[in-house]
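**Student:** In the numbering used here, the protein residues as written are 2 to 422.
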Amino acid sequence: MSLVRNIYFFFSSYANEHERSVGQFFGTLTEHNNQAQTRARLKSLLQRDIAALNLWTEYAYKGYRYLKKSKRRELYANLDLIAADFERFRQAHPGSSLLAHHTIASVSQSKADPERLNIIQQLLDYFSPERGLYVYQASSSFGRLLQNPSKDTLVGDCNQIVTLYIYLYSRYFDVSDLQVRLFPGHVALHYGGIDIEATNGTVTNYQHTKEARLLPVEEIVSVNLLDTSDLYLTTHEVSPKEFLQAARFSHLLSHERHLTQHNLEAAYSSLITMLMKRERFMPALEYAKQSRDIHLRGVVGNNGAIYYMRHNDFKSARRFAEFAPKRSELVKESYISEGTYHYNAHRYQAAIDAFKHAGSEPMIRRCYEALFFAEQSKLGTHLDTKTIARHSKTIHHMSQYAKKSANSQLIAQANNLKKYL
Numbered sequence: 002m003s004l005v006r007n008i009y010f011f012f013s014s015y016a017n018e019h020e021r022s023v024g025q026f027f028g029t030l031t032e033h034n035n036q037a038q039t040r041a042r043l044k045s046l047l048q049r050d051i052a053a054l055n056l057w058t059e060y061a062y063k064g065y066r067y068l069k070k071s072k073r074r075e076l077y078a079n080l081d082l083i084a085a086d087f088e089r090f091r092q093a094h095p096g097s098s099l100l101a102h103h104t105i106a107s108v109s110q111s112k113a114d115p116e117r118l119n120i121i122q123q124l125l126d127y128f129s130p131e132r133g134l135y136v137y138q139a140s141s142s143f144g145r146l147l148q149n150p151s152k153d154t155l156v157g158d159c160n161q162i163v164t165l166y167i168y169l170y171s172r173y174f175d176v177s178d179l180q181v182r183l184f185p186g187h188v189a190l191h192y193g194g195i196d197i198e199a200t201n202g203t204v205t206n207y208q209h210t211k212e213a214r215l216l217p218v219e220e221i222v223s224v225n226l227l228d229t230s231d232l233y234l235t236t237h238e239v240s241p242k243e244f245l246q247a248a249r250f251s252h253l254l255s256h257e258r259h260l261t262q263h264n265l266e267a268a269y270s271s272l273i274t275m276l277m278k279r280e281r282f283m284p285a286l287e288y289a290k291q292s293r294d295i296h297l298r299g300v301v302g303n304n305g306a307i308y309y310m311r312h313n314d315f316k317s318a319r320r321f322a323e324f325a326p327k328r329s330e331l332v333k334e335s336y337i338s339e340g341t342y343h344y345n346a347h348r349y350q351a352a353i354d355a356f357k358h359a360g361s362e363p364m365i366r367r368c369y370e371a372l373f374f375a376e377q378s379k380l381g382t383h384l385d386t387k388t389i390a391r392h393s394k395t396i397h398h399m400s401q402y403a404k405k406s407a408n409s410q411l412i413a414q415a416n417n418l419k420k421y422l
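1. Distance, Cα to Cα, Phe184 vs Asp81?
2. Between Gln291 and the rest of its own chain, which residues show a CB-CB distance below 6 Å, the 5 nearest in sequence each way excluded?
3. Taking only three categories from DSSP, how would you classify Arg348?
4. Just the Cα atoms here: how many angstroms apart are Gln401 and Lys387?
5. Please return the same chain residues whose Cβ sits closer than 6 Å to the Cβ of Glu339, not counting the five positions on each side in sequence.
6. Give the DSSP-derived three-state secondary structure of Gly302 in the structure shown.
7. Suppose only complete runs of 4+ residues qualify. What are the alpha helix (DSSP H) ranges in the stretch 128 to 163, listed by chain order?
8. Helix, strand or coil: how does DSSP classify Thr386 here?
9. Are the beta-carbon atoms of Phe250 and Tyr65 separated by less than 8 Å?
10. How is Pro95 classed by DSSP in three states: helix, strand or coil?
11. Give the secondary structure of Thr395 by DSSP, where H, G and I count as helix, E and B as strand, and everything else as coil.
12. Taking the beta carbon of Pro326 as the centre, do at least 16 other beta carbons fall within 10 Å, making it buried, or is it exposed?
13. May I have the straight-line CA-CA distance separating Gly299 from Phe321, to the nearest angstrom?
14. Compare the beta carbon distance of Ile295 and Ser171 with 8 Å and say whether it is the shorter of the two.
15. Measuring CA to CA, which of Ile221, Gly157 and Gln161 is closest to Val176?
16. Could you pull out every residue in the same chain whose Cβ sits closer than 7 Å to the Cβ of Tyr15, ignoring the five residues on either side in sequence?
17. Tell me Ile195's beta-bridge partners as DSSP assigns them.
18. Hey, out of Phe27, Ser13, Asn17 and Glu18, whose CA is closest to Leu253's CA?
19. Which same chain residues, not among the five before or five after Leu100, have their C-beta less than 7 Å away from its C-beta?
20. Mind reading off the beta-carbon distance from Ser393 to Leu422? Whole number of angstroms is fine, and I expect it under 8 Å.
21. Over what stretch of residues does the alpha helix (DSSP H) that includes Phe374 continue unbroken?
22. Report the partner residues of Val204 according to the DSSP bridge assignment.
23. I'd like the list of long-range same chain contacts for Leu54, defined as Cβ closer than 6 Å, with 5 residues on each side in sequence excluded.
24. Which same chain residues end up closer than 7 Å to Asn79 when comparing Cβ atoms and leaving out the 5 residues on each side of it in sequence?
25. Which of the three DSSP states is assigned to His209 in this structure?
26. Below 6 Å CB to CB, which residues in the same chain sit around Arg319 once its five sequence neighbours on both sides are set aside?
27. How many whole angstroms separate the CB atoms of Leu169 and Leu124, which I take to be in contact at a CB cut-off of 8 Å?
28. Would His343 be called buried (16 or more neighbouring beta carbons within 10 Å of its own) or exposed?
29. Count the other CB atoms within 10 Å of the CB of Ala359; is the residue buried (16 or more) or exposed (fewer)?
30. Do the CB positions of Ile167 and Leu155 come within less than 8 Å of each other?
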């Protein structure tokens, strides 16, 4: 079985079983899923391996191309080293639950479990600035944080170090014990009334900080999915399609959909704009429909209709016009364009059909005039009373076209010829 497993992961895009579970979760995530069940599954993934969840989503949905399978395996190996190093630190510094409780009591009247408090205190001590193991740096990705602790400094921003705290905590206790404290531009960990400032290894109280919110621990996934501030994203182009997927998943998983809705709308707009610039109007329309944004649908409908008219694909133009604000005007314009296209190619009957849809009587008459002259050219130049009878069918056609053109001169010409039949 081990051989089969090894062969599978050799050819698979997943680095390990944990990544596959994460990939399967996101692969089935839609707007129609039961929200409570989805969050329960997500929490289970956090408990099992939040690091795999974070690395896989950065690779699959945020465009971090450097996180190839071999690189992710290297980072997982580093993560194992960090976990082992923390365990050694914990054994060497057992600390005191009472001391931890006393330290935290100065910030909050916590009634939290002493054993859990002790793990949190040990995490704070392990990552404290004085030890030099971890350095806070804004705009850092998770990959920079997962280094070999015996050789390298761990570098990360607030949400990345909070993610690592959650991972290490999950090895001892249930992640449901934890919450995240969010306010603009920052994330902190929270347990039992205590705000844990992971970036500098302290405890504090952000309760009265402007716009501070306290949310379940799984909200960190939405935060990480929408974190676009790191250096990698400022120096590498990320596909709008991938960003949309990240924004969509973030919205589906978040407890703050009123806030993630804005990010989702921006992602749809970015992707649709990119697709239109590349003249890929069909997928742009599909995404515009998905967005349920009437304005976006209208823009794609209008631009798509104009694009397809210019490329003489009039059926597609009218299909797009159905979504445009000025639908009737664009549909009429498409029929006029189609009629003109056929007229210039001397396909007069097809032109007439198009102009009829547009209600353009002057152009219909011009087409019949053109048909009249096309028939007239069949008569030749040496027509006399003896040969004219051979062209009776042509002359009858000329007469019909002349009448439909409402051109008195053409009608007179046709009538004059009919006298000799």
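Glycine included, each C-beta is placed from N, C-alpha and C at the ideal position.
**Tutor:** Let me lay it out:
1. Your numbering for residue 184 matches position 183 in the sequence shown. Your numbering for residue 81 matches position 80 in the sequence shown. Whole-angstrom Cα-Cα distance: 31 Å.
2. The residue given as residue 291 occupies position 290 in the sequence shown. Within the same chain, Gln291 has no close Cβ partners at all.
3. By one-based count along the sequence shown, residue 348 stands at place 347. In this structure, Arg348 counts as coil in the three-state DSSP scheme.
4. Taking the sequence shown and counting its residues from 1, one reaches residue 401 at position 400. Taking the sequence shown and counting its residues from 1, one reaches residue 387 at position 386. Approximately 23 Å between the Cα atoms of the pair.
5. Looking up residue 339 in the sequence shown gives position 338. Only Phe315 and Ala355 meet the Cβ criterion.
6. Position 301 of the sequence shown, counted from the first residue, corresponds to residue 302. Helix at Gly302.
7. 143 to 146
8. One-based indexing of the sequence shown puts residue 386 at position 385. If DSSP states are grouped into helix, strand and coil, Thr386 belongs with coil.
9. On the sequence shown, residue 250 is found 249 positions in, with the first residue counted as 1. On the sequence shown, residue 65 is found 64 positions in, with the first residue counted as 1. The answer is no: Cβ separation not under 8 Å.
10. For this step, residue 95 is matched to residue 94 along the sequence shown. Residue state, collapsed to three classes: coil.
11. Along the sequence shown, one-based indexing puts residue 395 at 394. Thr395 falls in the helix class under three-state DSSP.
12. For this step, residue 326 is matched to residue 325 along the sequence shown. The residue in question, Pro326, is exposed, as its Cβ has fewer than 16 Cβ neighbours within 10 Å.
13. As a first step, residue 299 must be located in the sequence shown, where it is residue number 298. As a first step, residue 321 must be located in the sequence shown, where it is residue number 320. Approximately 9 Å, taken between the alpha carbons.
14. Locating residue 295 in the sequence shown gives position 294, counting from the first residue. Locating residue 171 in the sequence shown gives position 170, counting from the first residue. Against a cut-off of 8 Å, the Cβ pair of Ser171 and Ile295 comes out as no contact.
15. Here residue 176 refers to the residue found at position 175 of the sequence shown. Val176 has its Cα closest to that of Ile221, out of Ile221, Gly157 and Gln161.
16. In the sequence shown, counting from the first residue as 1, residue 15 sits at position 14. Closer than 7 Å at Cβ, skipping near neighbours: Arg21 and Gly24.
17. Translated into positions along the sequence shown, residue 195 becomes position 194. BP columns for Ile195 point to Tyr192.
18. As a position in the sequence shown, residue 253 is number 252, starting the count at 1. With distances taken between Cα atoms, Leu253 lies closest to Phe27.
19. As a working mapping, residue 100 is identified with position 99 in the sequence shown. In this prediction, Leu100 has a pLDDT of 47, which is less than 50 and means its spatial position is unreliable; what the coordinates show is noted afterwards. So no residue of the chain qualifies.
20. In the sequence shown, the residue the question calls residue 393 occupies position 392. In the sequence shown, the residue the question calls residue 422 occupies position 421. The Cβ separation is near 5 Å, so the contact holds.
21. The residue given as residue 374 occupies position 373 in the sequence shown. Glu362 to Gln377 is the extent of the alpha helix (DSSP H) around Phe374.
22. What you label residue 204 is simply residue 203 of the sequence shown in a count that begins at 1. Beta-bridge pairing links Val204 to Ile197.
23. One-based indexing of the sequence shown puts residue 54 at position 53. The residues are Val23 and Leu46.
24. Here the question's residue 79 lines up with position 78 in the sequence shown. Excluding sequence neighbours, Asn79 sits near Leu147, Gln148 and Asn149.
25. Counting from one through the sequence shown, the residue named residue 209 turns up at place 208. Three-state result, His209: coil.
26. Along the sequence shown, one-based indexing puts residue 319 at 318. These residues qualify, in order along the chain: Val332 and Ser335.
27. Numbered from its first residue, the sequence shown carries residue 169 at position 168. Numbered from its first residue, the sequence shown carries residue 124 at position 123. Confirmed, about 6 Å.
28. By one-based count along the sequence shown, residue 343 stands at place 342. Label assigned to His343: buried.
29. Sequence index remark: in the sequence shown, residue 359 carries index 358 (1-based). Buried, by the Cβ-count rule.
30. Counted from its first residue, the sequence shown places residue 167 at position 166. Counted from its first residue, the sequence shown places residue 155 at position 154. Not a contact, by the Cβ cut-off of 8 Å.
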